[in-house]
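Heads up: the structure comes next, in structure tokens.
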Amino acid sequence: MSEPRTVLDELITKWHLTRDAAAKLVDEAGCPVTGRHLAGIARGQRHAGAQLTAAIERAFGRPITELLVPYTGQWLPSNPPGQTASSAISTDTEEAFALAAQRAYQYKLAYQTRIDTSALADDVRYLAQAYPQQPLAEVISPLVAAQQAVYEQLEQGTVHTQSARELHFLAGITTGMIARAAHDSGDPSRAVELARSAAMAGELAGHRGLQAWISGLLSLVTYWAGRPQESIRHAQRAAHLASGTASTVTVWAAVSQARAWAKLRNPGGVESALSSANAAEEHATGDDLDAFGGLLTFSRARALYYTAEASATVGLTDAAARYGNEAVEAYRDPTSDYWAFGDSAGASAALATAYIQQGEVEGANALLVPVFDLPPVQRTNGIIKCIQPVYEAVSSSDTGEAGRELSERIEAFSRVPMRAVGH
28 MSEPRTVLDE LITKWHLTRD AAAKLVDEAG CPVTGRHLAG IARGQRHAGA QLTAAIERAF
88 GRPITELLVP YTGQWLPSNP PGQTASSAIS TDTEEAFALA AQRAYQYKLA YQTRIDTSAL
148 ADDVRYLAQA YPQQPLAEVI SPLVAAQQAV YEQLEQGTVH TQSARELHFL AGITTGMIAR
208 AAHDSGDPSR AVELARSAAM AGELAGHRGL QAWISGLLSL VTYWAGRPQE SIRHAQRAAH
268 LASGTASTVT VWAAVSQARA WAKLRNPGGV ESALSSANAA EEHATGDDLD AFGGLLTFSR
328 ARALYYTAEA SATVGLTDAA ARYGNEAVEA YRDPTSDYWA FGDSAGASAA LATAYIQQGE
388 VEGANALLVP VFDLPPVQRT NGIIKCIQPV YEAVSSSDTG EAGRELSERI EAFSRVPMRA
448 VGH
């Protein structure tokens with residue numbers, strides 16, 4: 028048997044923890060993680076984001092820089108922080124508890140008809156808020172696990188009507204978020220397939236806001252897939268479904284149409300859509316889907332980014348610069364609830380395009396430095412696509428050496444998208 032590769036791996040072994048038990052420690056310390064993902068981190072084979080890193084440090088009682096160095100035989104504690112030897116649970120006992128809990132869970136599913144969905148909803152809420160702020164690799168496994176947990180409940184066939192509606196609602200959300208993950212990974216066909224399943228769940232839940240959100244997602248996917256007319260149709264359906272509700276999808280649908288009309292070089296369509304967006308903002312106070320936050324709501328900052336991009340695409344340079352500056356400023360604080368690394372990058376790209384149209388190539392270059400610094404695990408399909416208009420603007424202008432340097436940086440950045448990592 029080979030020696031553990033890191034101090035973290037040795038601690039897991041020394042504390043007689045199974046992979047799932049070690050993951051539970053980290054979960055209790057503030058960040059859900061699968062046993063498999065944690066094992067990969069312990070062996071130096073996977074990356075941990077900021078929130079997960081902090082939870083691992085709390086769970087194992089030392090900085091990550093000490094946990095991920097090679098284990099060289101130094102003394103290590105025999106038990107997790109706060110746990111004495113007498114209170115430590117052996118692996119055998121722990122597995123017995125796990126088996127008993129699993130059987131009790133199966134019994135509960137077999138005989139109950141009214142299910143408390145609040146715990147599942149809390150998990151989904153956390154993932155919705157984490158998704159825009161963490162690399163996809165950090166959230167995809169817990170997201171799939173949450174979807175499977177919802178499906179298991181529904182497949183029992185004896186669920187109370189109200190509980191069934193709540194579960195279909197959560198099924199639509201989780202499947203929709205996985206569809207977004209497929210889009211971010213550069214697989215629009217899979218994203219559309221998953222989104223259609225999510226739409227069916229929205230219908231079964233009888234939730235127009237969720238159905239509208241799925242249509243908005245389809246508009247996003249088809250927009251970045253180069254199908255602006257289809258994107259407009261999905262956005263119009265989203266607007267129809269959200270009509271008369273307080274959902275922020277009403278704003279998303281309008282600015283999504285503006286971006287797609289811009290791709291079709293239709294300034295009139297852009298102007299009309301942005302006017303609709305302004306009117307919708309007055310009434311978009313949010314519904315119960317918006318209450319999940321994160322990916323499931325549409326913020327003012329994101330609306331500014333979409334507006335800037337649409338304006339830049341049709342050559343409304345002054346408007347693009349104005350809205351772009353507001354969007355970049357809105358995304359400046361990474362601790363805000365609505366901050367998203369992808370939308371922050373998109374806002375910077377939209378403003379950079381406006382800068383180039385104004386002849387300010389150096390300003391565009393400086394603006395994109397944080398985007399170019401994103402690690403490959405955060406180079407989503409949307410981010411790769413959103414900087415292409417910058418490349419096109421530079422290529423079609425006489426920008427000299429500064430423009431050539433910027434083009435080369437964009438080319439180098441785009442060569443290693445997120446989906447290429449690990450392949």
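To get the numbering used here, take the position in the sequence shown, counting from 1, and add 27.
Backbone N, C-alpha and C fix where the C-beta goes; we use that ideal spot for every residue, glycine too.
- Task: With distances taken Cα to Cα, identify the nearest neighbour of residue 305 among 284, 375 and 278.
- Result: Translated into positions along the sequence shown, residue 305 becomes position 278. Among 284, 375 and 278, the Cα nearest to that of residue 305 is on 278.
- Spatial neighbours of residue 244 in its chain, beta-carbon cut-off 7 Å, leaving aside the 5 residues before and after: As a first step, residue 244 must be located in the sequence shown, where it is residue number 217. Contacts found: 203, 206, 207 and 222.
- Task: Look at the alpha carbon of residue 251 and the alpha carbon of residue 218, and state the distance between them as a whole number of angstroms.
- Result: Position 224 of the sequence shown, counted from the first residue, corresponds to residue 251. Position 191 of the sequence shown, counted from the first residue, corresponds to residue 218. Whole-angstrom Cα-Cα distance: 12 Å.
- Task: Work out the CA separation of residue 51 and residue 332 for me, nearest whole Å.
- Result: For this step, residue 332 is matched to residue 305 along the sequence shown. For this step, residue 51 is matched to residue 24 along the sequence shown. Looking at the two C-alpha atoms, the distance is approximately 38 Å.
- Item | Whether residue 161 touches residue 79 by CB criterion (9 Å) | As a first step, residue 161 must be located in the sequence shown, where it is residue number 134. As a first step, residue 79 must be located in the sequence shown, where it is residue number 52. Their beta carbons are under 9 Å apart, which means residue 161 touches residue 79 by this criterion.
- residue 11 versus 71, 104, 256 and 201, residue with shortest Cα-Cα distance: Lying before the first or after the last residue shown, residue 11 is absent from the chain, which here runs from 28 to 450.
- Message: Taking its Cβ as the centre, do 16 or more other Cβ atoms sit within 10 Å of residue 149, making it buried, or is it exposed?
- Response: Here residue 149 refers to the residue found at position 122 when the sequence shown is read from its first residue. With fewer than 16 other Cβ atoms within 10 Å, it is exposed.
- Task: Spatial neighbours of residue 56 within its chain, please: CB distance less than 7 Å, with the 5 preceding and 5 following residues excluded, ordered by chain position.
- Result: For the purposes of this step, residue 56 is identified with residue 29 of the sequence shown, where counting begins at 1. The residues are 82, 85 and 86.
- Message: Below 8 Å, how does it come out for the stretch 351 to 364 and the stretch 376 to 385: are there three or more Cβ pairs, yes or no?
- Response: yes
- Query: Buried or exposed: where does residue 256 fall if 16 or more other Cβ atoms within 10 Å of its Cβ makes it buried?
  - Reply: For the purposes of this step, residue 256 is taken as residue 229 along the sequence shown, with counting starting at 1. Exposed, by the Cβ-count rule.
- So, is residue 321 buried or exposed, given that buried needs 16 or more other C-beta atoms within 10 angstroms? Translated into the one-based positions of the sequence shown, residue 321 becomes position 294. Looking at its Cβ environment, which holds 16 or more other Cβ atoms inside 10 Å, residue 321 is buried.
- Message: Here's the rule I'm using: 16 or more other beta-carbon atoms within 10 Å means buried, otherwise exposed. How should residue 75 be labelled?
- Response: Stepping through the sequence shown from its first residue, residue 75 is reached at position 48. It is buried - the Cβ of residue 75 has at least 16 other Cβ atoms within 10 Å.
- Query: Under 9 Å between the Cβ atoms of residue 289 and residue 248?
  - Reply: Position 262 of the sequence shown, counting from 1, holds the residue named residue 289. Position 221 of the sequence shown, counting from 1, holds the residue named residue 248. Cβ atoms of residue 289 and residue 248: not closer than 9 Å.
- Answer yes or no: do residue 286 and residue 303 have a C-beta to C-beta separation smaller than 9 Å? As a first step, residue 286 is located in the sequence shown; it is residue number 259 there, counting from the start. As a first step, residue 303 is located in the sequence shown; it is residue number 276 there, counting from the start. No.
- Query: Where does residue 102 fall in DSSP's three states?
  - Reply: Within the sequence shown, residue 102 is the residue found at index 75, counting from 1. Residue 102 falls in the coil class under three-state DSSP.
- Query: Within this structure, are the beta carbons of residue 315 and residue 275 separated by less than 9 Å?
  - Reply: Taking the sequence shown and counting its residues from 1, one reaches residue 315 at position 288. Taking the sequence shown and counting its residues from 1, one reaches residue 275 at position 248. No, Cβ-Cβ distance for residue 315 and residue 275 is not below 9 Å.
- Query: For residue 62, which residues from the same chain have a beta carbon less than 6 Å from its beta carbon, with the 5 sequence-adjacent residues on both sides left out?
  - Reply: Position 35 of the sequence shown holds residue 62. The residues are 46, 47 and 50.
- Candidates 197, 295, 191 and 209, of which the one nearest residue 407 by Cα: Within the sequence shown, numbered from 1, the residue matching residue 407 stands at position 380. Ranking 197, 295, 191 and 209 by Cα distance to residue 407 puts 209 first.
- Neighbourhood of residue 197 by C-beta distance below 6 Å, restricted to the same chain and skipping five residues each side: For the purposes of this step, residue 197 is taken as the residue at position 170 of the sequence shown. Cβ neighbours of residue 197 beyond the five flanking positions: 147, 151 and 177.
- Anyone know if the C-beta pair for residue 163 and residue 212 falls short of 9 Å? By 1-based counting over the sequence shown, the position of residue 163 is 136. By 1-based counting over the sequence shown, the position of residue 212 is 185. Their beta carbons are under 9 Å apart, which means residue 163 touches residue 212 by this criterion.
- Query: If you draw a straight line from the alpha carbon of residue 200 to that of residue 169, how long is it in whole angstroms?
  - Reply: Counted from its first residue, the sequence shown places residue 200 at position 173. Counted from its first residue, the sequence shown places residue 169 at position 142. Their Cα atoms are separated by approximately 14 Å.
- Item | Segments assigned alpha helix (DSSP H), at least 4 residues, entirely inside the stretch 361 to 405 | 368 to 384, 388 to 394 and 396 to 399
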